[in-house]
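Our numbering numbers the first residue of the sequence shown as 1 and each following residue consecutively.
Where is the CB? At the ideal position from N, CA and C, for every residue including glycine.
Computed from a prediction, not measured in an experiment: that's the story for all the values here.
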Amino acid sequence: MGLQQLTHRGIASELGVTHALVVHYEPDMAALRAHVCHALLQEEFLQTSRCLEGIADAVDGVRTLIGLMSSPRRAAHAAIWLDGWSLGRHHPGTAEVVRTMMRRWEDLVSGLVSRGVSSGEFADVDARACAWEAIALLDGLNAHMLVGYGHRSEYVERIAVPWEARLGLAPGTLSPIREHDNKL
């Protein structure tokens, strides 16, 4: 079920209460959808942040991030992102949630890139610009994953190759460690 299908009647049915009771406590479905969108996107962000916390090596951090974000296990979160972008076109509250979470991801990725630049692991790149580009690639991967476009076995490579070029890494450096697929 996507955010668009979240309705007063659906919630009432799921909870076994009347439609009027749900409307009484939350009359604004757009606000409720924005709240749910935030909670789910925040959950994914925190899970990913925790997976990256203990990784000192920036290359390993990026490799792990690519592995996590290209995992088919995150399809539900990918769907929430796409729902949020779609709903955000007409609902300012949802648009603000999505922009806020995009900034948080940009901060996370640019911090990882900055660490790699400072340690000499990465070329001297603009960390913010690199993060924005990387997130755009991952966002595109969200859409591809959800509709089964391309071959699942190629998703990691489609993300890793441009990152390697942007960060000045040798081809094949960012091949993910398979164990990270199980963390999200």
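Determine the DSSP secondary structure at residue i, reduced to helix, strand or coil.
i    : result
S90  : According to the sequence displayed, residue 90 carries His and not Ser. Three-state result, H90: coil.
T18  : coil
L3   : helix
V97  : helix
T206 : Residue 206 cannot be examined here, being either before or after the span of the chain that is shown, 1 to 184.
A190 : Outside the displayed span of the chain (1 to 184) sits residue 190, for which this structure offers no information.
E26  : coil
D124 : coil
P186 : Look at the range of the chain in this structure, 1 to 184, and you will see that residue 186 is not part of it.
S71  : coil
Straight-line CA distance for residue i to residue j?
i    : j    : result
E43  : V36  : 11 angstroms
A123 : R99  : 28 angstroms
A160 : A127 : 16 angstroms
Q4   : H91  : 12 angstroms
L40  : D60  : 26 angstroms
E133 : G148 : 22 angstroms
L15  : V23  : 13 angstroms
Q47  : L141 : 19 angstroms
E121 : H38  : 34 angstroms
V17  : Y25  : 12 angstroms
R9   : G2   : 15 angstroms
V109 : M101 : 12 angstroms
S114 : D57  : 12 angstroms
V125 : A20  : 55 angstroms
M145 : R152 : 8 angstroms
R166 : P72  : 25 angstroms
W163 : D107 : 17 angstroms
A131 : P171 : 19 angstroms
L174 : T64  : 9 angstroms
N182 : F45  : Bear in mind that a pLDDT of 47 at N182, under 50, signals an unreliable position, so the number given afterwards is only what the model happens to contain. Approximately 16 angstroms between the Cα atoms of the pair.
How would you write the range of the alpha helix (DSSP H) that residue i sits in, first residue to last?
i   : result
T48 : 29 to 53
Residue i CB to nearest chain C CB: under 7 angstroms?
i    : result
L137 : Judged by its chain identifiers, the structure shown contains no chain C, having just a single protein chain.
Would you check if the segment 63 to 75 and the segment 44 to 54 touch, i.e. whether three or more CB-CB distances between them fall below 8 angstroms?
Enough Cβ pairs lie closer than 8 angstroms, so yes.
Runs of alpha helix (DSSP H) wholly within the segment 134 to 159 (minimum 4 residues, chain order):
Qualifying alpha helix (DSSP H) stretches: none in this window.
Would you call the segment 76 to 94 and the segment 27 to 34 touching, i.e. three or more CB-CB distances under 8 angstroms?
Contact holds between the segment 76 to 94 and the segment 27 to 34, because three or more Cβ pairs, one in each stretch, are under 8 angstroms apart.
So, do the segment 155 to 171 and the segment 75 to 82 have three or more beta carbon pairs nearer to each other than 8 angstroms?
Inter-segment contact for the segment 155 to 171 and the segment 75 to 82 is absent: fewer than three beta-carbon pairs are separated by less than 8 angstroms.
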